[in-house]
Amino acid sequence: MPRKSKFHFATASKYENYAMEIKKGIAVSPGISIAKLLIIDSEDYRIPRRSIMPSQRMAEIQRVRDAFRAAIDQLSELEAAEDDADGGKIKDIFAVHLRFLHDRSLRKRITDLLQSKLVTAEYAVSVTLREIASHFTKVKDSYISERAADIYDIERRLLKQLLGGKREDVEHLTEEVAIVARELSPTQTAGFNRKFVKGLATYAGGRTSHTAIVARSLGIPAVVALEDLTACVIGGNTVIIDGNRGIVVVNPAEQTIRQCEEYSHEFVELEHRHGAIRAKPAITRDRVRITLLGNIEFPDEAEIVLQKGGEGIGLYRTEFLYLNRESEPTEQEHYQAYAETVGVFKHWPVTIRTLDLGADKYTQSKRFAPEPNPFLGLRSIRFCLQNLTMFKTQLHAILRASVLGQVKIMFPLISNLQEMKQARMLLRDVMEDLDEESVKYNKDIEVGIMVETPSAALTASTLARNADFLSIGTNDLIQYTLAVDRGNELVSALYSAVDPAVLRLIRTVIQDAYKAQIDVSVCGEMASEPEYIMLLLGLGIRTMSLAPPMIPEIKQIIRSVTIEDCNNLARKILGMNSERQISNYLRDAARKILPEAF
Amino acid sequence: MQTEQNSPQKLVCEASVEIRNADGLHMRPAMQFVDVANLFDCDITVSNDQNVVDGKSIMQMTMLAATCGTQLKIKAEGSDAQQAIEALRDLVEHKHFDEPTPKKNKRNTKSG
Chain A
10 MPRKSKFHFA
20 TASKYENYAM
30 EIKKGIAVSP
40 GISIAKLLII
50 DSEDYRIPRR
60 SIMPSQRMAE
70 IQRVRDAFRA
80 AIDQLSELEA
90 AEDDADGGKI
100 KDIFAVHLRF
110 LHDRSLRKRI
120 TDLLQSKLVT
130 AEYAVSVTLR
140 EIASHFTKVK
150 DSYISERAAD
160 IYDIERRLLK
170 QLLGGKREDV
180 EHLTEEVAIV
190 ARELSPTQTA
200 GFNRKFVKGL
210 ATYAGGRTSH
220 TAIVARSLGI
230 PAVVALEDLT
240 ACVIGGNTVI
250 IDGNRGIVVV
260 NPAEQTIRQC
270 EEYSHEFVEL
280 EHRHGAIRAK
290 PAITRDRVRI
300 TLLGNIEFPD
310 EAEIVLQKGG
320 EGIGLYRTEF
330 LYLNRESEPT
340 EQEHYQAYAE
350 TVGVFKHWPV
360 TIRTLDLGAD
370 KYTQSKRFAP
380 EPNPFLGLRS
390 IRFCLQNLTM
400 FKTQLHAILR
410 ASVLGQVKIM
420 FPLISNLQEM
430 KQARMLLRDV
440 MEDLDEESVK
450 YNKDIEVGIM
460 VETPSAALTA
470 STLARNADFL
480 SIGTNDLIQY
490 TLAVDRGNEL
500 VSALYSAVDP
510 AVLRLIRTVI
520 QDAYKAQIDV
530 SVCGEMASEP
540 EYIMLLLGLG
550 IRTMSLAPPM
560 IPEIKQIIRS
570 VTIEDCNNLA
580 RKILGMNSER
590 QISNYLRDAA
600 RKILPEAF
Chain B
96 MQTEQNSPQK
106 LVCEASVEIR
116 NADGLHMRPA
126 MQFVDVANLF
136 DCDITVSNDQ
146 NVVDGKSIMQ
156 MTMLAATCGT
166 QLKIKAEGSD
176 AQQAIEALRD
186 LVEHKHFDEP
196 TPKKNKRNTK
206 SG
């Protein structure tokens, strides 16, 4: 829930000279916060001098010893203070770090380097620990390779001692801050004081990253996979973290702050009035009915979709069942999660997407040889089609749950007809198994696919003939079409849902779906963007699945437009050939409809 | 277990042990191993097919990346070498780090 944060006018005037910057990332925890920026960035530690005089050797070695001693004392305190709440996991982490710091061979390696190369304590510590860390990352066993993160943590701790705590300390906050970092480790977030940490933003990370999980449980907004901020930030700048739209605004102009405060205020008011807007239908001014569904990951988000006025689930991501655990989930575990979700919706549709993992740390770490190019590799449906036991287990559970409500199955990343036929054949096999087991399931369950690759979009007419519905996964479709990694801050500015190439593909898919007389929807983040709604409607979309916090606002936009206007807008847009022109046009159009949706 | 005598005070003991717990020599077991090793004065080395590491160094022990089923050779050199070997073998093979062993259907007498 967003709260009105204190806004420090003193801070604004002090940093007046710095321009306002708006950076985009992925929204992973809802809400809006305005607070002072606190940077945590281990890679930014500036190691001052590299070399020392021979006469300084002993003094530098003593510095190393002192830093170790101080770090050990600090960790011992932290370990003692930690309780066994989460199974003693954090306590274990501290215990291991302590052992590392007590390890004589580690210290010897550092001091040997210092003596032989005549370098500073900081340099010796940093170089040695990074060498060790890189050694760990090369090992195939995931337990071992994950130890690299611990080594970096230890490096941070020692460098902090040596550099005299010039970095801001998260454990001693006295005012509200928003934290920005490359990524956030469990040990770092364990030190967060919830009273003062109001928002999180990281450069790395995805929807299931540690940052996302912590932010959601703290109830604060978070944005990950952020564009590079380092050029424009200084600790102390004011920053707005918008966890609904995945935006971070640095040094907001006073007007923006006011708008943001109004927006978050309105957001709160909307929350209060959600009973009213929740009950209202998503219908345009010229009486065309639009269906708004929710994207969820965890069963307990289903309630939130209902509260916000969603009419079902358009995308139920099932990856969480596999993450943060060593063994695969059992069929019963699958079933329980699905049953819980379907139970919330009863007669409204719940579209379950089969496992979409592969290009991520979890599966890569389980590989014998990590793929050089996971995004183009054995991921998602391809991974499933090569791991049939696991895949069938999931299908079995989904089918069992299908008697509890209106369940649909969606296969992700289908890139050709062959894959689709294989997946459907497997589904039939599982249905036969259930028949043999005399277990009930919905024999007419709707089976659709996510259109996420250019190949699927371009051959949508063929795929549509074999599917009950198509859902456009704009996130990956944009990445594959524009050949851009949106998590790579060097090129993420190229990522745009309204690039002319992307729009043409979306239009092709919609037209092919219409011709085949099947439903088509959008379930990527594009549907959560107020500026794109008119365009999507004008292209022919009548069903959208989006992040639950945004449902009320998107509904408001729908209720404020006519399909006729949307069609005109879409026609104009399709005639443009510049992404910039298109996004400016859309922003202006959105402002006219709803001035507060900037 | 082999015992040799290199000099009047220096005992050298060796033993071969098998990692029995399902998850292998990860963070916590490595920590336990190193803690036990550090209770003794003798020098302790541990080796697999490729490497020889210092049994008292957590850094080096983690690097062994010993999975379940791996055979390790422990060598202790010093006056309390024999006690060290016994303590370590007990930890690895009998207690298996207080962690579960993999379930083997053929070998089980009862479930568990």
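Protein chains in written order, with this note's numbering: chain A, 10 to 607; chain B, 96 to 207. Ideal Cβ positions, reconstructed from N, Cα and C, are used throughout, including at glycine.
Do you know whose CA, among the options, lies nearest residue i's CA?
i         : options                                    : result
Pro463(A) : Met440(A), Leu512(A), Arg474(A)            : Leu512(A)
Phe128(B) : Cys108(B), Pro197(B), Leu167(B)            : Leu167(B)
Val570(A) : Met553(A), Val353(A), Ala598(A), Pro561(A) : Ala598(A)
Ile487(A) : Val507(A), Gln415(A), Asp121(A)            : Val507(A)
Ile49(A)  : Phe109(A), Pro63(A), Tyr132(A), Ala213(A)  : Ala213(A)
Ala76(A)  : Pro561(A), His111(A), Ile550(A)            : His111(A)
Arg254(A) : Ser194(A), Thr293(A), Asn382(A), Cys269(A) : Cys269(A)
Pro182(B) : His121(B), Arg123(B), Asp130(B), Lys105(B) : One detail in the question is off: residue 182(B) reads as Ala in this sequence, not Pro. It is Asp130(B) whose Cα lies nearest to the Cα of Ala182(B).
Glu562(A) : Val223(A), Ala36(A), Tyr272(A)             : Tyr272(A)
Asp438(A) : Gly414(A), Lys417(A), Leu404(A)            : Leu404(A)
Asn396(A) : Lys417(A), Gln415(A), Asp365(A), Phe384(A) : Asp365(A)
Ala231(A) : Leu115(A), Tyr344(A), Leu193(A)            : Leu193(A)
Ile286(A) : Ala187(A), Ser114(A), Lys317(A), Thr183(A) : Lys317(A)
Arg495(A) : Leu385(A), Glu30(A), Gly34(A)              : Gly34(A)
His191(B) : Val107(B), Lys105(B), His121(B)            : His121(B)
Val107(B) : Glu194(B), Leu186(B), Ser174(B)            : Ser174(B)
Val518(A) : Ser501(A), Leu499(A), Ala473(A)            : Ala473(A)
Cys575(A) : Asp295(A), Val128(A), Arg165(A)            : Asp295(A)
Lys32(A)  : Val248(A), Ala536(A), Tyr325(A)            : Val248(A)
Glu328(A) : Thr363(A), Arg516(A), Leu123(A), Gly321(A) : Thr363(A)
Gly584(A) : Ser537(A), Ile560(A), Arg516(A), Lys564(A) : Arg516(A)
Pro63(A)  : Ala79(A), Gln124(A), Ile542(A)             : Gln124(A)
Which same chain residues end up closer than 8 Å to residue i when comparing Cβ atoms and leaving out the 5 residues on each side of it in sequence?
i         : result
Gln178(B) : Phe135
Glu188(B) : Val112, Glu113, Arg115
Pro197(B) : Ala117, Cys163
Ala288(A) : Gly318
Ser505(A) : Ile487, Leu491, Val511, Glu588, Ser592
Leu315(A) : Val353, Phe354
Ser152(B) : Val129
Starting from the C-beta of residue i, find all residues in its chain whose C-beta is less than 6 Å away, skip the five residues before and the five after it, and write them out in chain order.
i         : result
Asp118(B) : none
Ser142(B) : Lys168
Asp528(A) : Phe478
Ile163(A) : His106, Phe109
Glu461(A) : Leu422, Gly482, Asp485, Leu486
Glu340(A) : Thr402, His405, Ala406
Arg596(A) : Glu540
Arg156(A) : Phe145
Pro195(B) : Ala117
How is the alpha helix (DSSP H) around residue i delimited, first residue to last?
i         : result
Tyr594(A) : 588-602
Tyr344(A) : 340-354
Met440(A) : 426-445
Pro463(A) : 463-467
Arg166(A) : 156-171
Glu312(A) : 310-316
Can you list, in chain order, the residues of its chain whose CB lies under 7 Å from that of residue i, leaving out five sequence neighbours each side?
i         : result
Glu534(A) : Thr483, Asn484
Arg176(A) : With a pLDDT of 48 at Arg176(A), under the threshold of 50, the modelled position of this residue cannot be trusted, and the question is left open.
Thr120(A) : Ile70, Val73
Glu52(A)  : Per-residue confidence for Glu52(A) stands at a pLDDT of 47, beneath the threshold of 50, marking its modelled position as unreliable; no derived number is given.
Lys207(A) : Ser14, Ser42, Ala44, Glu185, Val186, Ala187, Ile229
Ala579(A) : Leu544, Gly547, Leu548
Gln590(A) : none
Could you please give the first and the last residue of the uninterrupted beta strand (DSSP E) stretch that includes residue i?
i         : result
Glu30(A)  : 30-33
Ala210(A) : 206-211
Leu479(A) : 478-481
Give a yes or no on contact between the stretch 122-140 of chain A and the stretch 40-50 of chain A, applying the rule of three or more CB pairs nearer than 8 Å.
no
So, does the stretch 523-539 of chain A touch the stretch 490-499 of chain A, judging by three or more C-beta pairs under 8 Å?
no
Contact between the stretch 349-359 of chain A and the stretch 397-414 of chain A: three or more CB pairs below 8 Å?
yes
List, from N- to C-terminal side, the beta strand (DSSP E) runs of 3 residues or more that fit wholly inside the stretch 378-418 of chain A.
none
Decide yes or no for the touch test of the stretch 423-436 of chain A against the stretch 389-405 of chain A: beta carbon pairs closer than 8 Å, at least 3 of them.
yes
Evaluate the contact criterion for the stretch 296-311 of chain A versus the stretch 339-351 of chain A: three or more CB pairs, one atom per stretch, below 8 Å.
yes
Start-end ranges of the alpha helix (DSSP H) lying completely within the stretch 496-568 of chain A, minimum 4 residues
509-525, 539-548
Complete beta strand (DSSP E) runs within the stretch 121-185 of chain B (minimum length 3 residues, chain order)
138-142, 147-149, 166-173
How do the stretch 289-306 of chain A and the stretch 540-557 of chain A stand: do at least 3 beta-carbon pairs fall below 8 Å, yes or no?
yes
Just list the alpha helix (DSSP H) runs in the stretch 71-145 of chain A, keeping only unbroken ones of 4 residues or longer that don't cross its boundaries, in chain order.
98-111, 113-126
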